[in-house]
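Numbering (UniProt numbering), first residue to last: 1 to 394.
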(Lines of atoms letter the chains of each structure in order from A and count residues from 1; the text may use other names and numbers.)
(Lines give C-alpha, C1' and ligand atoms only; values in the text may rest on other atoms or scores of the structure.)
Protein backbone atom coordinates (compact mmCIF):
# COMPACT_ATOMS: atom_id res chain seq x y z
CA UNK A 1 0.00 0.00 0.00
CA UNK A 2 1.36 3.44 -0.98
CA UNK A 3 0.34 6.65 0.76
CA UNK A 4 1.35 9.47 -1.66
CA UNK A 5 3.78 10.10 -4.48
CA UNK A 6 7.31 9.48 -3.28
CA UNK A 7 6.17 7.88 -0.05
CA UNK A 8 7.28 4.44 0.97
CA UNK A 9 5.04 1.42 1.47
CA UNK A 10 3.59 1.01 4.94
CA UNK A 11 5.45 -1.41 7.17
CA UNK A 12 4.02 -4.37 8.99
CA UNK A 13 4.43 -4.41 12.80
CA UNK A 14 7.39 -6.77 12.71
CA UNK A 15 9.13 -4.75 9.99
CA UNK A 16 8.68 -1.62 12.04
CA UNK A 17 9.85 -3.31 15.26
CA UNK A 18 13.16 -4.74 14.03
CA UNK A 19 14.16 -1.41 12.44
CA UNK A 20 13.55 0.42 15.69
CA UNK A 21 15.40 -2.28 17.65
CA UNK A 22 18.39 -2.01 15.30
CA UNK A 23 18.43 1.80 15.70
CA UNK A 24 18.20 1.41 19.48
CA UNK A 25 21.01 -1.17 19.53
CA UNK A 26 23.30 1.11 17.50
CA UNK A 27 22.52 3.98 19.85
CA UNK A 28 23.24 1.80 22.90
CA UNK A 29 26.66 0.86 21.47
CA UNK A 30 27.56 4.51 20.89
CA UNK A 31 26.23 5.43 24.35
CA UNK A 32 28.38 2.72 26.00
CA UNK A 33 31.46 3.90 24.08
CA UNK A 34 30.80 7.45 25.21
CA UNK A 35 30.27 6.40 28.84
CA UNK A 36 33.49 4.37 28.77
CA UNK A 37 35.45 7.48 27.79
CA UNK A 38 34.31 9.49 30.83
CA UNK A 39 37.13 10.43 33.22
CA UNK A 40 37.33 8.43 36.45
CA UNK A 41 35.18 10.03 39.13
CA UNK A 42 33.54 12.42 36.67
CA UNK A 43 30.40 14.09 37.98
CA UNK A 44 28.27 17.09 37.23
CA UNK A 45 25.22 18.02 35.14
CA UNK A 46 26.62 16.59 31.90
CA UNK A 47 27.22 13.17 33.48
CA UNK A 48 23.76 13.22 35.02
CA UNK A 49 22.34 14.12 31.57
CA UNK A 50 24.17 11.17 30.04
CA UNK A 51 22.57 8.83 32.57
CA UNK A 52 19.01 10.20 32.58
CA UNK A 53 18.30 12.83 29.93
CA UNK A 54 20.20 11.18 27.06
CA UNK A 55 18.19 7.88 27.19
CA UNK A 56 14.87 9.71 27.63
CA UNK A 57 15.51 11.94 24.62
CA UNK A 58 16.57 8.90 22.59
CA UNK A 59 13.35 7.12 23.57
CA UNK A 60 11.34 10.12 22.40
CA UNK A 61 13.21 10.03 19.08
CA UNK A 62 12.45 6.32 18.62
CA UNK A 63 8.77 6.98 19.28
CA UNK A 64 8.81 9.85 16.77
CA UNK A 65 10.22 7.50 14.13
CA UNK A 66 6.84 5.73 14.01
CA UNK A 67 5.60 8.70 11.94
CA UNK A 68 8.72 9.09 9.77
CA UNK A 69 6.94 7.78 6.65
CA UNK A 70 4.03 10.15 7.01
CA UNK A 71 6.18 13.22 7.78
CA UNK A 72 9.62 12.17 6.49
CA UNK A 73 11.42 15.52 6.28
CA UNK A 74 10.06 16.94 9.54
CA UNK A 75 10.76 13.81 11.60
CA UNK A 76 14.22 13.34 10.10
CA UNK A 77 15.37 16.89 10.79
CA UNK A 78 13.88 16.85 14.29
CA UNK A 79 15.59 13.58 15.24
CA UNK A 80 18.93 14.71 13.80
CA UNK A 81 18.76 17.95 15.79
CA UNK A 82 17.82 15.98 18.91
CA UNK A 83 20.85 13.71 18.41
CA UNK A 84 23.15 16.69 19.04
CA UNK A 85 22.04 16.44 22.69
CA UNK A 86 21.76 12.66 22.89
CA UNK A 87 24.37 10.10 21.89
CA UNK A 88 21.82 7.33 22.32
CA UNK A 89 19.62 9.03 19.68
CA UNK A 90 22.33 8.69 17.03
CA UNK A 91 20.93 5.31 15.91
CA UNK A 92 17.45 6.85 15.51
CA UNK A 93 18.96 9.72 13.48
CA UNK A 94 20.71 7.30 11.11
CA UNK A 95 17.48 5.28 10.64
CA UNK A 96 15.54 8.46 9.86
CA UNK A 97 18.22 9.50 7.35
CA UNK A 98 18.15 6.07 5.67
CA UNK A 99 14.36 6.22 5.43
CA UNK A 100 14.54 9.70 3.88
CA UNK A 101 17.18 8.58 1.36
CA UNK A 102 14.89 5.71 0.29
CA UNK A 103 12.44 8.33 -0.98
CA UNK A 104 15.02 9.23 -3.66
CA UNK A 105 14.75 12.97 -3.27
CA UNK A 106 18.33 14.27 -3.54
CA UNK A 107 17.81 17.80 -2.21
CA UNK A 108 16.07 16.70 0.99
CA UNK A 109 18.55 13.86 1.53
CA UNK A 110 21.61 16.09 0.99
CA UNK A 111 20.40 18.67 3.50
CA UNK A 112 19.70 15.99 6.10
CA UNK A 113 23.09 14.34 5.46
CA UNK A 114 24.99 17.60 6.02
CA UNK A 115 23.01 18.24 9.20
CA UNK A 116 23.85 14.72 10.40
CA UNK A 117 27.59 15.28 9.96
CA UNK A 118 27.40 18.61 11.76
CA UNK A 119 25.42 17.01 14.57
CA UNK A 120 27.97 14.22 14.96
CA UNK A 121 30.82 16.73 15.18
CA UNK A 122 29.00 18.79 17.82
CA UNK A 123 28.21 15.70 19.89
CA UNK A 124 31.93 14.95 20.43
CA UNK A 125 32.18 17.81 22.97
CA UNK A 126 28.87 17.05 24.68
CA UNK A 127 30.45 14.92 27.45
CA UNK A 128 33.87 15.02 29.20
CA UNK A 129 36.49 12.58 27.86
CA UNK A 130 39.69 11.10 29.14
CA UNK A 131 41.46 10.96 25.79
CA UNK A 132 42.70 13.99 23.86
CA UNK A 133 40.31 15.21 21.17
CA UNK A 134 40.90 13.83 17.65
CA UNK A 135 41.96 16.04 14.77
CA UNK A 136 39.17 17.97 13.07
CA UNK A 137 39.57 16.08 9.78
CA UNK A 138 39.06 12.80 11.63
CA UNK A 139 36.05 14.17 13.50
CA UNK A 140 34.48 15.09 10.16
CA UNK A 141 35.59 12.15 7.99
CA UNK A 142 34.28 9.34 10.22
CA UNK A 143 30.70 10.74 10.52
CA UNK A 144 30.75 11.67 6.83
CA UNK A 145 31.73 8.09 5.93
CA UNK A 146 28.99 6.63 8.11
CA UNK A 147 26.39 9.08 6.76
CA UNK A 148 27.45 8.31 3.18
CA UNK A 149 27.03 4.58 3.77
CA UNK A 150 23.57 5.12 5.29
CA UNK A 151 22.48 7.35 2.38
CA UNK A 152 23.77 4.82 -0.16
CA UNK A 153 21.91 1.98 1.55
CA UNK A 154 18.73 4.06 1.69
CA UNK A 155 19.01 4.98 -2.01
CA UNK A 156 19.54 1.33 -2.94
CA UNK A 157 16.49 0.30 -0.92
CA UNK A 158 14.44 3.03 -2.62
CA UNK A 159 15.59 1.92 -6.08
CA UNK A 160 14.68 -1.67 -5.32
CA UNK A 161 11.25 -0.66 -4.04
CA UNK A 162 10.64 1.41 -7.15
CA UNK A 163 11.71 -1.47 -9.37
CA UNK A 164 9.45 -3.90 -7.50
CA UNK A 165 6.56 -1.42 -7.75
CA UNK A 166 7.19 -1.01 -11.49
CA UNK A 167 7.33 -4.77 -12.02
CA UNK A 168 4.13 -5.21 -10.01
CA UNK A 169 2.39 -2.57 -12.13
CA UNK A 170 3.64 -4.26 -15.29
CA UNK A 171 2.31 -7.61 -14.08
CA UNK A 172 -1.06 -6.07 -13.19
CA UNK A 173 -1.19 -4.34 -16.57
CA UNK A 174 -0.30 -7.58 -18.34
CA UNK A 175 -2.99 -9.42 -16.37
CA UNK A 176 -5.57 -6.78 -17.32
CA UNK A 177 -4.55 -7.00 -20.97
CA UNK A 178 -4.67 -10.80 -20.84
CA UNK A 179 -8.14 -10.66 -19.29
CA UNK A 180 -9.28 -8.24 -21.99
CA UNK A 181 -7.85 -10.46 -24.74
CA UNK A 182 -9.50 -13.51 -23.20
CA UNK A 183 -12.85 -11.70 -23.01
CA UNK A 184 -12.51 -10.57 -26.60
CA UNK A 185 -11.58 -14.09 -27.68
CA UNK A 186 -14.64 -15.49 -25.89
CA UNK A 187 -16.89 -12.98 -27.66
CA UNK A 188 -15.37 -13.77 -31.05
CA UNK A 189 -15.72 -17.49 -30.41
CA UNK A 190 -19.34 -17.08 -29.35
CA UNK A 191 -20.06 -15.19 -32.54
CA UNK A 192 -18.31 -17.84 -34.60
CA UNK A 193 -20.28 -20.63 -32.91
CA UNK A 194 -23.55 -18.75 -33.36
CA UNK A 195 -22.79 -18.12 -37.03
CA UNK A 196 -21.82 -21.74 -37.62
CA UNK A 197 -24.91 -23.05 -35.84
CA UNK A 198 -27.12 -20.74 -37.86
CA UNK A 199 -25.50 -21.63 -41.18
CA UNK A 200 -25.71 -25.36 -40.54
CA UNK A 201 -29.15 -25.66 -38.93
CA UNK A 202 -31.26 -22.69 -40.05
CA UNK A 203 -31.52 -23.89 -43.65
CA UNK A 204 -32.55 -27.41 -42.73
CA UNK A 205 -34.95 -26.42 -39.96
CA UNK A 206 -36.55 -23.72 -42.10
CA UNK A 207 -37.34 -26.18 -44.88
CA UNK A 208 -38.78 -28.64 -42.38
CA UNK A 209 -40.92 -25.87 -40.89
CA UNK A 210 -42.09 -24.90 -44.37
CA UNK A 211 -43.21 -28.47 -45.11
CA UNK A 212 -44.97 -28.66 -41.77
CA UNK A 213 -46.73 -25.40 -42.59
CA UNK A 214 -47.95 -26.84 -45.88
CA UNK A 215 -49.38 -29.86 -44.06
CA UNK A 216 -51.15 -27.56 -41.62
CA UNK A 217 -52.77 -25.35 -44.24
CA UNK A 218 -53.52 -27.73 -47.09
CA UNK A 219 -56.36 -29.99 -46.03
CA UNK A 220 -57.02 -31.12 -49.61
CA UNK A 221 -53.70 -32.83 -50.28
CA UNK A 222 -53.89 -36.43 -51.54
CA UNK A 223 -52.50 -39.10 -49.23
CA UNK A 224 -49.42 -39.71 -51.37
CA UNK A 225 -48.35 -36.03 -51.14
CA UNK A 226 -49.06 -36.00 -47.42
CA UNK A 227 -46.85 -39.07 -47.03
CA UNK A 228 -44.13 -37.46 -49.17
CA UNK A 229 -44.19 -34.30 -47.07
CA UNK A 230 -44.09 -36.37 -43.87
CA UNK A 231 -41.06 -38.27 -45.17
CA UNK A 232 -39.44 -34.96 -46.07
CA UNK A 233 -40.02 -33.67 -42.56
CA UNK A 234 -38.59 -36.84 -41.05
CA UNK A 235 -35.56 -36.84 -43.38
CA UNK A 236 -34.94 -33.12 -42.82
CA UNK A 237 -35.13 -33.51 -39.06
CA UNK A 238 -32.74 -36.45 -39.19
CA UNK A 239 -30.27 -34.50 -41.33
CA UNK A 240 -30.56 -31.50 -39.00
CA UNK A 241 -29.65 -33.72 -36.05
CA UNK A 242 -26.70 -35.15 -37.97
CA UNK A 243 -25.45 -31.68 -38.86
CA UNK A 244 -25.90 -30.55 -35.28
CA UNK A 245 -23.87 -33.55 -34.13
CA UNK A 246 -21.11 -32.61 -36.59
CA UNK A 247 -20.98 -29.02 -35.31
CA UNK A 248 -20.87 -30.13 -31.68
CA UNK A 249 -18.17 -32.62 -32.57
CA UNK A 250 -16.04 -29.83 -34.02
CA UNK A 251 -16.57 -27.67 -30.93
CA UNK A 252 -15.61 -30.51 -28.60
CA UNK A 253 -12.76 -31.88 -30.71
CA UNK A 254 -9.33 -32.04 -29.14
CA UNK A 255 -6.41 -30.23 -30.77
CA UNK A 256 -4.97 -32.30 -33.60
CA UNK A 257 -8.17 -34.12 -34.45
CA UNK A 258 -9.41 -33.82 -38.01
CA UNK A 259 -12.49 -31.70 -38.62
CA UNK A 260 -15.29 -32.85 -40.90
CA UNK A 261 -14.90 -31.73 -44.54
CA UNK A 262 -16.17 -28.21 -45.16
CA UNK A 263 -18.69 -27.46 -47.95
CA UNK A 264 -17.48 -26.06 -51.28
CA UNK A 265 -18.86 -25.21 -54.72
CA UNK A 266 -19.03 -28.90 -55.57
CA UNK A 267 -21.70 -29.28 -52.89
CA UNK A 268 -24.03 -26.65 -54.40
CA UNK A 269 -25.93 -29.11 -56.66
CA UNK A 270 -26.72 -31.30 -53.64
CA UNK A 271 -27.86 -28.22 -51.69
CA UNK A 272 -30.16 -27.17 -54.51
CA UNK A 273 -31.43 -30.74 -54.90
CA UNK A 274 -32.39 -30.83 -51.23
CA UNK A 275 -34.26 -27.55 -51.62
CA UNK A 276 -36.11 -28.89 -54.65
CA UNK A 277 -37.05 -32.06 -52.79
CA UNK A 278 -38.58 -29.91 -50.10
CA UNK A 279 -40.75 -27.97 -52.52
CA UNK A 280 -38.66 -25.00 -53.68
CA UNK A 281 -38.53 -24.20 -57.40
CA UNK A 282 -34.80 -23.62 -57.74
CA UNK A 283 -32.51 -23.33 -60.77
CA UNK A 284 -28.74 -23.34 -60.46
CA UNK A 285 -26.30 -21.83 -62.96
CA UNK A 286 -22.56 -22.06 -62.34
CA UNK A 287 -20.01 -20.61 -64.73
CA UNK A 288 -16.72 -20.65 -62.87
CA UNK A 289 -13.34 -21.19 -64.46
CA UNK A 290 -11.13 -23.17 -62.14
CA UNK A 291 -11.33 -23.94 -58.46
CA UNK A 292 -11.49 -20.94 -56.06
CA UNK A 293 -9.75 -20.98 -52.64
CA UNK A 294 -11.44 -23.19 -50.07
CA UNK A 295 -12.38 -20.28 -47.79
CA UNK A 296 -14.02 -18.36 -50.66
CA UNK A 297 -15.86 -21.45 -51.87
CA UNK A 298 -17.14 -22.18 -48.39
CA UNK A 299 -18.38 -18.58 -48.05
CA UNK A 300 -20.25 -18.83 -51.36
CA UNK A 301 -21.87 -22.08 -50.21
CA UNK A 302 -23.07 -20.37 -47.01
CA UNK A 303 -24.42 -17.43 -49.01
CA UNK A 304 -26.43 -19.71 -51.28
CA UNK A 305 -27.61 -21.70 -48.30
CA UNK A 306 -28.81 -18.56 -46.52
CA UNK A 307 -30.49 -17.31 -49.69
CA UNK A 308 -32.43 -20.54 -50.10
CA UNK A 309 -33.36 -20.51 -46.43
CA UNK A 310 -34.73 -16.97 -46.67
CA UNK A 311 -36.60 -17.78 -49.88
CA UNK A 312 -38.24 -20.79 -48.25
CA UNK A 313 -39.25 -18.76 -45.18
CA UNK A 314 -40.35 -15.49 -46.75
CA UNK A 315 -41.27 -16.35 -50.35
CA UNK A 316 -43.07 -19.72 -50.39
CA UNK A 317 -43.99 -20.85 -53.90
CA UNK A 318 -41.54 -18.40 -55.52
CA UNK A 319 -39.13 -19.27 -58.28
CA UNK A 320 -35.54 -19.01 -57.10
CA UNK A 321 -32.58 -18.54 -59.43
CA UNK A 322 -29.08 -19.20 -58.11
CA UNK A 323 -26.14 -17.96 -60.17
CA UNK A 324 -22.47 -18.46 -59.35
CA UNK A 325 -19.90 -17.07 -61.77
CA UNK A 326 -16.34 -15.82 -61.89
CA UNK A 327 -12.72 -16.68 -62.42
CA UNK A 328 -9.35 -16.01 -60.90
CA UNK A 329 -8.51 -12.33 -61.02
CA UNK A 330 -12.09 -11.19 -61.69
CA UNK A 331 -13.56 -12.40 -58.42
CA UNK A 332 -16.45 -14.75 -57.61
CA UNK A 333 -20.04 -13.55 -57.64
CA UNK A 334 -23.04 -15.34 -56.16
CA UNK A 335 -26.62 -14.16 -56.72
CA UNK A 336 -29.85 -15.61 -55.30
CA UNK A 337 -32.97 -14.03 -56.75
CA UNK A 338 -36.56 -15.01 -55.95
CA UNK A 339 -39.75 -13.87 -57.69
CA UNK A 340 -41.67 -13.13 -54.52
CA UNK A 341 -44.11 -15.15 -52.45
CA UNK A 342 -46.79 -16.95 -54.44
CA UNK A 343 -48.86 -17.72 -51.36
CA UNK A 344 -49.03 -16.64 -47.75
CA UNK A 345 -48.39 -19.12 -44.97
CA UNK A 346 -47.15 -18.75 -41.42
CA UNK A 347 -43.42 -19.20 -41.75
CA UNK A 348 -40.95 -20.09 -38.99
CA UNK A 349 -39.73 -17.29 -36.72
CA UNK A 350 -36.79 -15.33 -38.07
CA UNK A 351 -33.61 -15.31 -35.99
CA UNK A 352 -32.38 -12.01 -37.39
CA UNK A 353 -28.79 -13.29 -37.46
CA UNK A 354 -28.65 -14.80 -40.97
CA UNK A 355 -27.74 -11.72 -42.96
CA UNK A 356 -25.65 -10.41 -40.08
CA UNK A 357 -23.61 -13.61 -40.08
CA UNK A 358 -23.22 -13.40 -43.87
CA UNK A 359 -22.02 -9.81 -43.59
CA UNK A 360 -19.34 -10.92 -41.12
CA UNK A 361 -18.27 -13.80 -43.36
CA UNK A 362 -18.09 -11.62 -46.47
CA UNK A 363 -16.24 -8.89 -44.57
CA UNK A 364 -13.67 -11.41 -43.35
CA UNK A 365 -13.22 -12.52 -46.97
CA UNK A 366 -12.76 -8.86 -48.03
CA UNK A 367 -15.83 -9.02 -50.22
CA UNK A 368 -19.04 -7.04 -50.70
CA UNK A 369 -22.57 -8.12 -49.80
CA UNK A 370 -25.79 -6.64 -51.14
CA UNK A 371 -29.42 -7.50 -50.43
CA UNK A 372 -32.52 -5.60 -51.41
CA UNK A 373 -36.11 -6.02 -52.51
CA UNK A 374 -36.91 -5.87 -56.21
CA UNK A 375 -39.61 -3.45 -57.41
CA UNK A 376 -42.69 -5.43 -58.33
CA UNK A 377 -41.90 -8.28 -55.96
CA UNK A 378 -38.99 -10.49 -55.14
CA UNK A 379 -35.69 -10.24 -53.31
CA UNK A 380 -32.06 -10.33 -54.39
CA UNK A 381 -29.10 -11.46 -52.32
CA UNK A 382 -25.72 -11.07 -53.98
CA UNK A 383 -22.10 -11.12 -52.94
CA UNK A 384 -18.85 -10.43 -54.70
CA UNK A 385 -15.73 -12.08 -53.30
CA UNK A 386 -12.09 -11.69 -54.33
CA UNK A 387 -10.49 -14.56 -56.20
CA UNK A 388 -6.75 -13.93 -56.32
CA UNK A 389 -4.65 -15.15 -59.20
CA UNK A 390 -2.23 -17.91 -58.27
CA UNK A 391 0.60 -19.48 -60.16
CA UNK A 392 -0.82 -22.05 -62.52
CA UNK A 393 -4.12 -20.15 -62.89
CA UNK A 394 -2.70 -17.52 -65.22
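The beta carbon of each residue, even a glycine, is placed where N, CA and C say it ideally should be.
Residue 373, DSSP secondary structure in three states: strand
Sequence-distant residues of its chain with Cβ nearer than 8 Å to residue 130 (five each side left out): 37, 38, 39, 40
Leaving out five residues before and five after residue 399 in sequence, what residues of the same chain have Cβ atoms less than 6 Å from its Cβ? Residue coverage of the chain in this structure runs from 1 to 394, which leaves residue 399 outside it and unanswerable.
Residue 269 and residue 284: beta carbons closer than 8 Å? yes
Let's see if you can read the secondary structure: which residues bound the beta strand (DSSP E) around residue 338? 331-338
Measure the beta-carbon distance from residue 373 to residue 339 and round it to whole angstroms, keeping in mind my assumption that it falls under 8 Å. The Cβ separation is near 12 Å, so there is no contact.
Spatial neighbours of residue 140 within its chain, please: CB distance less than 7 Å, with the 5 preceding and 5 following residues excluded, ordered by chain position. 117, 121
Which residues mark the beginning and the end of the beta strand (DSSP E) in which residue 69 is found? No beta strand (DSSP E) contains residue 69, which DSSP labels as neither H nor E.
Excluding the 5 residues flanking residue 412 on each side, which residues of the same chain have their C-beta closer than 6 Å to its C-beta? Because the chain here runs from 1 to 394, residue 412 falls outside it and cannot be looked at.
For residue 69, the nearest candidate out of 172, 101, 290, 143 (CA to CA): The candidate whose alpha carbon is nearest that of residue 69 is 101.
Residues bridged to residue 326 (per DSSP): 288, 332
Below 8 Å between beta carbons: does that hold for residue 210 and residue 307? In this structure, residue 307 does not lie closer than 8 Å to residue 210 by Cβ.
How is residue 382 classed by DSSP in three states: helix, strand or coil? strand
Could you give the residue range of the alpha helix (DSSP H) that holds residue 301? Here the alpha helix (DSSP H) through residue 301 covers 294-314.
Applying the criterion that 16 or more other CB atoms from any shown protein chain within 10 Å of the CB defines a buried residue, is residue 220 buried or exposed? So residue 220 counts as exposed.
Taking residue 41 as part of the alpha helix (DSSP H), name the residues at either end of that continuous run. Run containing residue 41: none; DSSP gives neither H nor E here.
Thinking residue 154 and residue 99 are a contact (beta carbons under 8 Å), I'd like their distance in whole angstroms, please. Contact between residue 154 and residue 99 holds, with the beta-carbon distance rounding to 7 Å and staying under 8 Å.
Buried or exposed: where does residue 67 fall if 16 or more other Cβ atoms within 10 Å of its Cβ makes it buried? exposed
How is the alpha helix (DSSP H) around residue 119 delimited, first residue to last? 106-123
Residue 282 to residue 382, Cα distance in whole Å? The straight-line gap from Cα to Cα measures roughly 16 Å.
For residue 365, which of helix, strand or coil comes out of DSSP? coil
Would you report the Cα separation of residue 35 and residue 50, rounded to the nearest angstrom? 8 Å
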